[in-house]
Amino acid sequence: ESGAEYSYFSLSPKSSGILTTIQSLMISMLGGSSSTNAVVARTCFKAELISPASERQIQRAMPSAAMCLVNETPELYQKVTLPHIQSIVESGSLSWIQNVVNGTKEKERVLLDTESYILNIDTKWRSHPDPNTTPRSEWRSHSSTTDLYCLAIFKDTGVTSIRDLRGKDHLPILVSIMKECPLAIQDIYGVSPNQLRIFVHYQPQFYAFHIHFTRLENEIGCQVERGHLVSDIIQNLESDQNYYKKRTITYKLKVNDKLYQLMTEEKNL
């Protein structure tokens, strides 16, 4: 929700307290012997620190909870899911994404900026050359393109997920994204459009409508119970402008997810 996971920071702790805490946790997990202490003391490691962390971020970092499939009817969406989404949007926790869209933050990661959307480098693409120090001319055919992960983000804050898509209003934007973004990626990285998987998530990770671009070899996040190809979305909206307002959508949720708990209270799933 906060977007902390979508930002990078390089730092050197002013005190040894954080490092000592991490080392202590590692020693405890590895058994706590004297030999373990010595190994941990001279080991380099990476750690992700999020502060403050929302309850949703804490849940995502915990060992995986049991999953359940949910059949979200239009009625269930209106009664439970929509109020849940609205509560998140109204909390102000998505202000970070507007900072990205309007160029206040991460301007160096933007690949394409139009009236209706931006295309940027998703921070899950960890192997990408540093945009601040590496010239864009060196990004083309870079070895990291095997991990390619870009994100197109709508500028219309009223579109939070595929449920909000309407043919009359949004088909031209989706068609533009499908045409212009692959061309931009090809021009910058040398990756052919027919090597890209272009899809959205439902439920999404954050409630500002966005589209994922990955290499076909990269299967992160494209499970059938979560991913929806944009080419299919366009065809569905061409056949019925209110397609996603009307249909039942099946997806998975963790049983400790707040949305699942709200649905359980409503329907006794």
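Going by this note's numbering, the first residue of the sequence shown is number 34, and it counts up by one from there.
Beta carbons: idealized from backbone N, C-alpha and C, even for Gly.
The beta carbon of Y277 sits closer than 6 Å to those of I195, R196, L198, all from its chain and outside the five residues before and after it, given in chain order. The residue among Q236, P215, S176, L144 with its C-alpha nearest the C-alpha of V103 is Q236. Put simply, of A241, I253, R230 the residue whose alpha carbon is nearest the alpha carbon of L262 is R230. In this structure, T193 keeps its C-beta atom at 9 Å or more from the C-beta atom of V257.
Linking G125 to G191 through their CA atoms gives a straight-line distance of about 14 Å. In the DSSP assignment, T179 falls outside any beta strand (DSSP E) and carries neither an H nor an E. Put simply, of S209, I221, L286, K188 the residue whose alpha carbon is nearest the alpha carbon of A99 is L286. Looking at the DSSP output, V233 shares a beta bridge with H261.
P215 counts as buried, since no fewer than 16 other beta carbons sit within 10 angstroms of its beta carbon.
For a cut-off of 8 Å, the C-beta gap from Q274 to G200 is around 3 Å, short enough to register as a contact. The straight-line gap separating the alpha-carbon atoms of S149 and N165 is approximately 25 Å. The straight-line gap separating the alpha-carbon atoms of L144 and A217 is approximately 7 Å. Your pair H243 and F187 checks out as a contact, with CB atoms roughly 7 Å apart and the cut at 8 Å. Secondary structure note for I195: it is in no beta strand (DSSP E), with a DSSP letter that is neither H nor E. For T167, no alpha helix (DSSP H) encloses it, and the DSSP letter there is neither H nor E. Residue environment analysis places R169 among the exposed positions, since fewer than 16 neighbouring C-beta atoms fall within 10 angstroms of its C-beta. Shown here, H203 sits in a helix according to DSSP, grouped into three states. For L152, the enclosing beta strand (DSSP E) stretches over residues 150-154. The C-alpha of C183 lies about 33 Å from the C-alpha of E108. Sequence-distant Cβ neighbours of K279 in its own chain, meaning closer than 8 Å and more than five residues away, are P107, D273. Rounded to whole angstroms, the gap between the alpha carbons of G260 and R159 is 22 Å.
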